[in-house]
Amino acid sequence: MNETRNPQDLRRRALLKLSGAVSMLPVLQACGGGGGGAASGGLPAGGTGAAAPVAGAGEPIASGETPALFAPAKIASRALWYDSPASDWESQALPIGNARLGAMLFGGAFNERIQFNEQSLWGGVNNYDNALAGKNDDAFDTSVTGFGSYLAFGDIALAFTGGTASPQVTWPAPQGVASASEGVAKSVDGSSGTKWCIDGPGALVLWQAELPQAAVVAAYTLTSANDVPARDPQQWTFAGSNDGAAWTALDTRSLPAPFESRAQAKAFAFTNTTAYRFYRFAFVPKAGVSHFQVAEIALAGVDLKPSAEAATSGYRRTLDLGTGVHTTEFGIGSRKIVREAFASKVDDVMVFRYTASDARAFSGTLTLTSMQGATATADVATGQVSFSGAMANSLKYACTVQVVKEDGQLAVSRNALRFDQCTSLTLLVDARTDYKLDYAAGWRSTDPAPRVQAALAAAASKTYAALRQAHVADFGAVMSRAAVTWGESDATAVALSTRQRLERYAGGAADPGLEQAMFDYGRYLLVSSSRQGGLPANLQGLWNNSNSPAWASDYHTNINVQMNYWGAESTGLPDCHLPLVDFVTQVAGPSRVATRNAFGANTRGWTARTSQSIFGGNSWNWNNVSSAWYAQHLYEHFAFTQDLNYLRGTAYPMLKEICQFWEDRLKTRADGLLVAPNGWSPEHGPTEDGVMYDQQIIWDLFQNYLDAARTLNVDAAYQATVAGMQAKLAPNKIGKWGQLQEWQGDIDDPKDNHRHTSHLFAVYPGRQITPAKTPAFAAAALVSLKARCGEVAGQPFTASMVTGDSRRSWTWPWRCALFARLGDAARAQTMLRGLLTYNTLQNLFCNHPPFQMDGNFGISGALTEMLLQSHEGVIVLLPACPDDWKAAGAFNGLRARGGYRVSCTWKDGLVVSYEIVADKARDKKPVKVRINGEEREVTPA
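Each residue of the sequence shown is one higher than the last, beginning at 608 in the working numbering.
Shown next as structure tokens:
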């Protein structure tokens, strides 16, 4: 331990070492603000930030329970909180997940929606490949019997009595993408200036209204939106239903042309005398038109605008990032309602708990809907609502909601469960498929329905308190491995909701607590979507409400899936990295077949296309270096964990095999240098030999192989072969305006603001170019990066200069990490500000647009690069600390290569204490550490 301490530092160190059930490390200044305050030293009031005990917490779930007095939950440090329910899935609902199951929670007081997923519900056939399927390289068949896509599993709706219930307007079985600002809710907001707009709507667009009670509708009005007329509704059927399953057609229209003008309201009448509770439009979008849009949809005699939430008081919904517990609280008159929800990894189910301040408070209806067309059935004897089915790719799926009550009554209402006068409710939810991450087993396992029942039975045998305690202990222990803090948000910011803080920050205000929340949220989302034994996080983590999500919500190999894991090792989540390792190991099998088909029957090794599926599928154009980029993650897991058994049995054989692919494929130029043939710098520019993206990743592959082989002391002859190839790779080049060239020809455009910075891989996440070892190339990389960000010489650089295609959810984190590696702290922080200002939604999901989660995952890793680096064989403390962070700060539990846990405090930009712990290192030999610009030999603890 090397230190310069004072009593405040000692207190901070003691606080930093707290772990377990504490809701995030208590040195962190509260991001949630309000409603609970903070105790001395930053501890949340109440000690853990956990909700108060709920009714019957100590009894088995299935037994009678005694209600406890209502006590509102405290807002934990670093929690997200909002003062109104969510109305939009993408931008407002909040996520929970156990890395297999996930849900998006809306928090409606009288009409609660829980949209849920299971990570293996995918369309697509086994071992798909474009060429093997007879399709062109640039084809992208996302059908269930093609390459496929990640699919939505279902919805749970709870309609509570006791208020004026709102109609529920939804977009069933969505095809295409609607942005956060143009969702289906805009079709009933009463404004002709907004619209519901869908990009890529498919063959049919469904709009559905579920009314609180049946009503007769004999006319409706559609209002055209403010854009391209061809996108207007021109053909549709309007239907009614009383169960949401059997529909009666009431009116069919086919217009000869679009609406005559914009914001034009057209009324349509028909004969109907039957009252229905469900009404649905089935619109047929105009063929060949990219979008479908409508400004307003109105049903005669029915008010579709949400109204029920106005009957509540003191509304708050909170997501505690430290415990993974979502809480909704509000009052209805004198009654106080508290709901909790979490997705338990320990018990492998989702748990939803409803309690109130008085007895028999809950009556209403629970409906379960399959997004794949299965019909749900309700059973009052078991208290369950279930569905099961099989898709066209033969994947079986099943879901059950188990309702547990302490009193009151249950009854079946069509395919739903009716609950009456219940003092509390607990819902246990499980959903599964028969998928298995196993190429040799044909990607299939056993029937999911019995496994669903077994999991629910096991969970139901435990008390709610036991389920919650086990979840919080597990989730909290993982999240508390690492923490960061710098600066203090002022009282004005702390008092605001997360939505308000984001808006304030986007206006230019400082809010270090909000910045730090992005570090925590990225880790929260990774823990919630990727843990050992499961699938890796996809483009949307594991949260998806569409059957045709953007880019299939797939595994994109040219930056996105890799960025998902940039913070896994450095922020103390190595077990969350293993699903990617396991995935690569299994998809290698069918990828070898596809590779030999494309590159020659005698080709050794393998690579992959740009898009991959959970069934080993490969689609869209070849990303020739995809497997080499995967290989970086295989090696990095060893670099941080120092697990020799893993290196010997898993990583090394794969590294060698991928080197053999490039040994066979590299092309010798006339000058004797080696180039990767027919490469493409994603996703622009010419296809040519030796694009820098390929060259740099292959250099990185060879270096990772050499380091692995030397560690294991194996394959001396092949080490020499690989070292020889690495030495002959055509090198990086500096162009005419001082830039690092993206291609072999000096054709880079200084005004190019393309989203990708693929030719800077060698800076980050690679390690070929560094200011210390290759200063000329590092300087050229900085020139390129500034140009790509739109910086103008002589003008102060701000996030607003980054425009157009460069404003993407994942571009900001990559550039943040690049600036950090190049030692430019100010611009690295500017990238964080840009992400929060331009590409972050109210629920802090990063928005491409549409939303995708790589930005959330990537920013955790990028912020770590500003605080700690270890890629050059030296542990560097505060390599890129911006002025705004210098006054005081600390980090705890960040990881350095070599197997070291690192903690540090600083003041006025200078390190005042630090700790290097060799908890995973193979020995405790002195390690090089750069502290305040001085390199020292430090013996780790």
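The beta carbon of each residue, even a glycine, is placed where N, CA and C say it ideally should be.
Same chain, Cβ closer than 8 Å to V791, neighbours up to 5 away in sequence not counted: V776, T777, W778, A785, W803 and W814
Please identify the residue among V835, A852, I939 and R1529 whose C-alpha is closest to the C-alpha of V896. Taking only the C-alpha atoms, the option nearest V896 is V835.
On the three-state DSSP scale, how would you describe P1119? helix
Based on the DSSP secondary-structure assignment, which residues constitute the bridge partners of F959? A948 and L1034
Classify P1420: buried if its beta carbon has 16 or more other beta carbons within 10 angstroms, exposed otherwise. buried
Is C1511 helix, strand or coil when you go by DSSP? strand
Do A1394 and Q1346 have their C-beta atoms within less than 8 Å of each other? yes
Could you compute how far the alpha carbon of L676 sits from the alpha carbon of R946? Low local confidence applies: a pLDDT of 33 at L676 is under 50, so the model's placement there is unreliable, and no value is given.
What three-state label does DSSP hand P819 in the structure shown? strand
What's the gap between the Cα of I805 and the Cα of N1154? 13 Å
Contact belief for N1022 with D850 at Cβ below 8 Å, rounded distance in angstroms: Confirmed, Cβ separation roughly 7 Å.
Would you call the CB atoms of L1319 and V1329 closer than 8 Å? no
Between the region 1482-1489 and the region 1459-1467, are three or more C-beta pairs nearer than 8 Å? no
Do P1186 and S1137 have their C-beta atoms within less than 8 Å of each other? yes
May I ask you to report which of helix, strand or coil DSSP gives Y1172? Coil at Y1172, not helix or strand.
When we look at the beta-carbon of I1354 and count the other beta-carbons within 10 Å, is it buried (16 or more) or exposed? exposed
Is N1167 helix, strand or coil by DSSP? Looking at N1167 - three-state DSSP - the assignment turns out to be helix.
Could you check if N833 is buried or exposed, using at least 16 other CB atoms within 10 Å of its CB as the buried criterion? exposed
Out of L1448, V1059 and F969, which one is the CA nearest neighbour of S1416? It is L1448 whose Cα lies nearest to the Cα of S1416.
Pair within 8 Å by beta-carbon distance, A1073 and T1030: no
Assuming Q722 contacts N1152 under a Cβ cut-off of 8 Å, what Cβ separation, rounded to an integer in Å, is found between them? 5 Å
Residue of R1422, A905 and T801 minimising C-alpha distance to M1170: Taking only the C-alpha atoms, the option nearest M1170 is R1422.
Could you work out which residue in Y922, W1173, G731 and A1098 is closest to A1159 when comparing CA atoms only? G731
CA-CA distance, F713 and R1537? 47 Å
What residue from G1114, A856, T1275 and A889 has the CA that sits closest to Y883's CA? Nearest of G1114, A856, T1275 and A889 to Y883, Cα basis: A856.
Per DSSP, which residues does Q1016 bridge with? Please list them. D1027
Residues sharing a beta bridge with C1006, DSSP: F994 and A1038
Does DSSP put P1382 in a helix, a strand or coil? helix
Inter-residue spacing [alpha-carbon to alpha-carbon] between R960 and A950: 12 Å
So, for L1281: in the same chain, excluding its five sequence neighbours on each side, which residues have a beta-carbon less than 8 Å away from its beta-carbon? Spatial neighbours of L1281 in its own chain (CB-CB distance under 8 Å, excluding positions within 5 residues in sequence) are listed in chain order as L1273, K1274, T1275, M1332, K1335, L1336 and A1337.
Outcome for M631 when other beta-carbon atoms lying within 10 angstroms are tallied against a minimum of 16: Its pLDDT being 32, under 50, M631 is placed unreliably by the model, and the measurement read from it follows with that caveat. M631 is buried by the Cβ-count criterion.
For the region 680-756, which segments carrying the beta strand (DSSP E) assignment without a break, of at least 3 residues, lie completely within its bounds, in sequence order? 686-689, 701-704, 708-712 and 718-725
Shortest alpha-carbon distance to G1141 belongs to which of D955, N1204 and W1213? D955
The alpha helix (DSSP H) that contains W1344, what's its start and end? Counting along the chain, W1344 falls outside any alpha helix (DSSP H), and DSSP gives it neither H nor E.
Roughly how many whole angstroms lie between the Cα atoms of L1451 and M1125? 8 Å
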